[in-house]
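Chains as they are written, first to last, in the UniProt record's numbering: chain R, 1 to 192; chain G, 1 to 84.
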């Protein structure tokens, strides 16, 4: 049974594994995930006075960890922040996917059918593929994609967190989706 | 006003649609485009699937990932003791 008074010394053994798995599911880097968990514990220790006994200690720690993860995405995006014109960061731009003159799909980029996606890849393989493809996105695009579709923040919240305009946000989301789609096809989707 | 749009514009609209309701004009243009463009029609489904899979993949890893190492737990206990 969860004690009504938090005992910080017990947090690593009691909640460490669960928090670590959660952090690692977002950042894909063991060292960073460990740091996020440690920061969570230290922030919780600093904020012990704000803990309300009627809330679950576990829930409280997860709320803090989620905030740390958002902060991590923000640092990731801001570390390599570039202007709208430079958003490709050396990666693909929309010009790589569409014919510049007609605005229609470039021949090699036309989406293949994923009708048999489930048959093509086992669920575990699919999850690994999307994680690998997410990890390959340029920093800003990866952060925006994760904040929107994994953390499920709204577009407004993301713009506020990252200090970007709505049009900048739309470009980042669109390019992230285009690159992810292409990457997933390279991993076997639509090839059967 | 109903305007013919390119695949580039159609896919942009598709990626904006979940976050903001499209005005009548762009919505109608997108609808018409999707009626004749099989590739954007595929993209419309795939862009939704990718978002679902990313969420599902993260949820799966929350359950099946590795545990925190004993050394890391010890380091954290020490930091907590030092900060208490």
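Even glycine gets a Cβ: it sits at the ideal position worked out from N, Cα and C.
Grouping DSSP H, G and I as helix and E and B as strand, with all else coil, what is residue i?
| i | result |
| --- | --- |
| residue 114 (chain R) | coil |
| residue 98 (chain R) | strand |
| residue 192 (chain R) | Low confidence applies here, because residue 192 (chain R) scores a pLDDT of 49, under 50, leaving its location unreliable; read the following figure in that light. Residue 192 (chain R): coil per DSSP, three-state reduction. |
| residue 85 (chain R) | A caution first: residue 85 (chain R) carries a pLDDT of 46, below 50, which makes its placement in the model too unreliable to give a value. |
| residue 35 (chain R) | helix |
| residue 152 (chain R) | coil |
| residue 29 (chain R) | coil |
| residue 53 (chain R) | coil |
| residue 26 (chain G) | helix |
| residue 45 (chain R) | helix |
| residue 21 (chain G) | coil |
| residue 69 (chain R) | helix |
| residue 163 (chain R) | coil |
| residue 77 (chain R) | helix |
Run down chain R in chain order and give the residues with a C-beta less than 8 angstroms from the C-beta of residue i.
| i | result |
| --- | --- |
| residue 53 (chain G) | 126, 127, 130 |
| residue 108 (chain G) | With chain G covering only 1 through 84, there is no way to say anything about residue 108 (chain G). |
| residue 21 (chain G) | Here the premise fails: no neighbours, minimum Cβ distance about 12 angstroms. |
Between the Cα of residue i and the Cα atoms of the options, which residue gives the shortest distance?
| i | options | result |
| --- | --- | --- |
| residue 58 (chain G) | R:78, R:32, R:23 | R:23 |
| residue 182 (chain R) | R:129, R:68, R:163, R:146 | R:129 |
| residue 73 (chain G) | R:35, R:138, R:155, R:123 | R:35 |
| residue 62 (chain R) | R:98, R:43, R:77 | R:43 |
| residue 78 (chain G) | R:12, R:175, R:180 | R:12 |
| residue 131 (chain R) | R:150, R:113, R:140 | R:150 |
| residue 155 (chain R) | G:11, G:16, G:4, G:29 | G:16 |
Per DSSP, which residues does residue i bridge with? Please list them.
| i | result |
| --- | --- |
| residue 193 (chain R) | Residue 193 (chain R) cannot be examined here, being either before or after the span of chain R that is shown, 1 to 192. |
Residue i versus chain G: which residues are under 7 angstroms apart at the beta carbon?
| i | result |
| --- | --- |
| residue 160 (chain R) | Those within 7 angstroms of residue 160 (chain R) in chain G number zero; the least Cβ separation is about 14 angstroms. |
| residue 180 (chain R) | 50 |
| residue 150 (chain R) | 54, 55, 58 |
Quick one: which chain R residues come within Cβ less than 7 angstroms of residue i?
| i | result |
| --- | --- |
| residue 65 (chain G) | 21, 24, 25 |
Along the alpha helix (DSSP H) that carries residue i, what are the first and last residues, could you check?
| i | result |
| --- | --- |
| residue 62 (chain G) | 38–64 |
| residue 199 (chain R) | Nothing can be reported for residue 199 (chain R), as the shown portion of chain R is limited to 1 through 192. |
| residue 76 (chain G) | 70–83 |
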